[in-house]
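Numbering-wise, the numbering used here comes out as the position in the sequence shown, counting from 1, plus 2.
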Amino acid sequence: MVSNDSTAFRFRVSLRLDGCECWREVLVPASMTFFDFHVVLQECFMWYGAHLFCFCATLPGGRQVQMGEPDPWGEDPVYREGRYERFMPVEPFPELLVSRETELGDAFPKTRTARYYYDYGDYWIHDVKLVRTYRGTRINDPQLWNGAGDAPPEDVGGIPGYERFMTVIADPDTDEFADMAAWAREQRWDRFALDKQRERLFHWRRHRDMML
Numbered sequence: 003m004v005s006n007d008s009t010a011f012r013f014r015v016s017l018r019l020d021g022c023e024c025w026r027e028v029l030v031p032a033s034m035t036f037f038d039f040h041v042v043l044q045e046c047f048m049w050y051g052a053h054l055f056c057f058c059a060t061l062p063g064g065r066q067v068q069m070g071e072p073d074p075w076g077e078d079p080v081y082r083e084g085r086y087e088r089f090m091p092v093e094p095f096p097e098l099l100v101s102r103e104t105e106l107g108d109a110f111p112k113t114r115t116a117r118y119y120y121d122y123g124d125y126w127i128h129d130v131k132l133v134r135t136y137r138g139t140r141i142n143d144p145q146l147w148n149g150a151g152d153a154p155p156e157d158v159g160g161i162p163g164y165e166r167f168m169t170v171i172a173d174p175d176t177d178e179f180a181d182m183a184a185w186a187r188e189q190r191w192d193r194f195a196l197d198k199q200r201e202r203l204f205h206w207r208r209h210r211d212m213m214l
């Protein structure tokens, strides 16, 4: 059996947006935890880890697993009463694996696909596809190989809000443009540029420590 420490995975992660293309291709070590992979994807899509997340996958034999936090709602009694249950992912898989303790190599390449959910309100769904496995390859840090499309800003209001945002931000002559552009700056939103995203990913460990 090949160690996760000497294996790397290349993933293509595509955000589901109606009629819009938004994807990133990354190379990461198989020994990376799902929590760290979450941080990497936050960097690649220019988000800031302000919301809950999980990964869902089906392993051989039909074993359904969810990689996430063991107690995502914390001590908040409102959440514990189940008032916001509708914001949970549509895949309440029976087996929960702790994302900070589960490595990518524990699920891949047994499965070649997974779903990554981020922000159960805006409800962003990403399709995670394993493109290639590199055996005997040791890498220390994630690499952003390629990508396309502008990711939504944080708290934009889901797909309908994103569509409205992109329409307004594309037309400086509209009455709403100035306010929308100011809000986008507050959200630290920017259009996708590969070099900028690679520079941001360089600092992923620092950002991870802020999320812990």
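Glycine included, C-beta positions come from ideal geometry on N, C-alpha and C. Computed from a predicted structure; not experimentally measured.
Residues in the same chain with beta-carbon distance under 6 Å from residue 69, minus the five sequence neighbours each way, listed in chain order, please. Only 36, 57, 99, 101 and 104 meet the Cβ criterion.
Residue 31 - partner residues in DSSP beta bridges: Under DSSP, residue 31 shares a beta bridge with 10.
What is the rounded straight-line gap between the Cα of residue 8 and the Cα of residue 142? If you draw a straight line from the Cα of residue 8 to the Cα of residue 142, it comes to about 10 Å.
Spatial neighbours of residue 16 within its chain, please: CB distance less than 6 Å, with the 5 preceding and 5 following residues excluded, ordered by chain position. Cβ neighbours of residue 16 beyond the five flanking positions: 25 and 129.
Does residue 204 pass the burial test, meaning 16 or more other C-beta atoms within 10 Å, or should it be called exposed? Residue burial annotation: residue 204 is exposed, with fewer than 16 other C-beta atoms found within 10 angstroms of its C-beta.
Give every residue of the same chain whose Cβ lies closer than 6 Å to the Cβ of residue 154, excluding the five residues on either side of it in the sequence, and list them in chain order. Answer for residue 154: 164, listed in chain order.
For residue 56, the three-state DSSP class (helix, strand or coil): Strand.
Assigned exposure category for residue 50 - 16 Cβ within 10 Å defines buried: Burial state of residue 50 is exposed, judged by a 10 Å Cβ sphere holding fewer than 16 other Cβ atoms.
Closer than 7 Å by C-beta to residue 193: which residues in its own chain qualify, once you throw out the five before and the five after it? Chain order, please. Here the set comprises 152.
Hey, quick one: how far does the beta strand (DSSP E) through residue 147 stretch, first residue to last? 145 to 150 is the extent of the beta strand (DSSP E) around residue 147.
Taking one C-beta from the stretch 133 to 150 and one from the stretch 18 to 33 each time, how about it: are there three or more such pairs within less than 8 Å? Contact holds: three or more Cβ-Cβ distances are below 8 Å.
Helix, strand or coil for residue 135 per DSSP? The DSSP-derived three-state label of residue 135 is strand.
Using only the alpha-carbon positions, how far apart do residue 20 and residue 34 sit? Between residue 20 and residue 34, the C-alpha separation is close to 31 Å.
Give the single residue among 30, 118 and 97 whose Cα lies nearest to the Cα of residue 55. Taking only the C-alpha atoms, the option nearest residue 55 is 118.
Mind listing, in chain order, the continuous alpha helix (DSSP H) runs of no fewer than 4 residues lying wholly within the stretch 148 to 202? List check, alpha helix (DSSP H) in window: 160 to 171 and 179 to 188.
Taking C-alpha atoms, which residue in 122, 32, 200 and 38 lies nearest to residue 160? Ranking the options by Cα distance to residue 160, first place goes to 122.
Less than 8 Å between the beta carbons of residue 109 and residue 59, yes or no? Taking 8 Å as the Cβ cut-off, residue 109 and residue 59 qualify as a contacting pair.
Considering Cα atoms alone, identify which of 38, 6 and 22 is closest to residue 144. Selected option, being the one with the closest Cα: 38.
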